[in-house]
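In our numbering, the protein residues as written are 782 to 1059.
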């Protein structure tokens, strides 16, 4: 499996010289089978536009899995040229809100006039829109396990994606203290998070905050980097990737966060354009 980080920022894009090394695009991670073009995209932040570079002129043919419908995870969708073309095929999955809402209409609440000039079903190519629930399904030759995890402001999923040899867990927005402070005061290590992470090769996890920021800023629904690292340790994850950086967190400040975990095995701070071959 090849894992390509196309956008690693949270909340809003972060342009400017102070953000060039880690990148300013919002959340999107591409997954590909060995030697193939990406066929699963995790979230559709502004980073999704960069997937075109991985397609070598070909259309996108695959699935986009959205963890939730907050702006920073969907506002790149209508600008992804790989899907907005006549020969593309895109299956879009969003969390089922549990109230009977149609997937297309739910997405169109934020992507249609007067908020945006076109609706999702006006994009070119072959599209399907599915509201899905927790469980295990096969998607584009991958096995995807979906579980609900706590995050403020709408139903939110975490994903565990596996092929025959490797597993990636993706939880870019996670508010573990919503269900208790947990043993470290960083939030509870709850059952769904533990199950998604157990023995994964890579954990891509919300690290928008650090411990000392949690009390003042945790109400937005995010986790501390220290929680992500401890969650990885408890579940025997081989490589923890700290993700969904604060939009005003500069490159130098992210370097400082990386130094906090110099003595922890395989902890890195996500950088746009990083590629992991598993």
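All C-beta atoms in this analysis are idealised placements derived from N, C-alpha and C, irrespective of residue type, glycine included.
- With a 10 Å radius around the Cβ and a threshold of 16 neighbouring Cβ atoms, residue 1056 comes out exposed.
- At least 7 Å separates the beta-carbon of residue 1035 from that of residue 1008.
- In this structure, DSSP gives residue 956 a state outside helix and strand, which the three-state scheme calls coil.
- Non-local C-beta neighbours of residue 855 in its own chain, meaning closer than 6 Å and more than five positions away in sequence, comprise 825, ordered along the chain.
- According to the DSSP secondary-structure assignment, residue 987 is paired through a beta bridge with 1024.
- In this structure residue 1027 is not in contact with residue 789, their Cβ atoms being roughly 11 Å apart against a cut-off of 8 Å.
- For residue 920, the closest alpha carbon among the candidates 906, 878 and 814 is that of 814.
- Using a C-beta cut-off of 8 Å, the region 926-939 makes contact with the region 989-1009, since at least three inter-stretch Cβ pairs fall below that distance.
- Residue 1010 sits in a helix when the DSSP states are folded into three classes.
- Counting along the chain, residue 1058 sits inside the beta strand (DSSP E) bounded by residues 1056-1058.
- DSSP places residue 1041 in the uninterrupted alpha helix (DSSP H) bounded by 1032-1041.
- The beta-carbon separation of residue 843 and residue 876, rounded to 19 Å, does not stay under the 8 Å limit for a contact.
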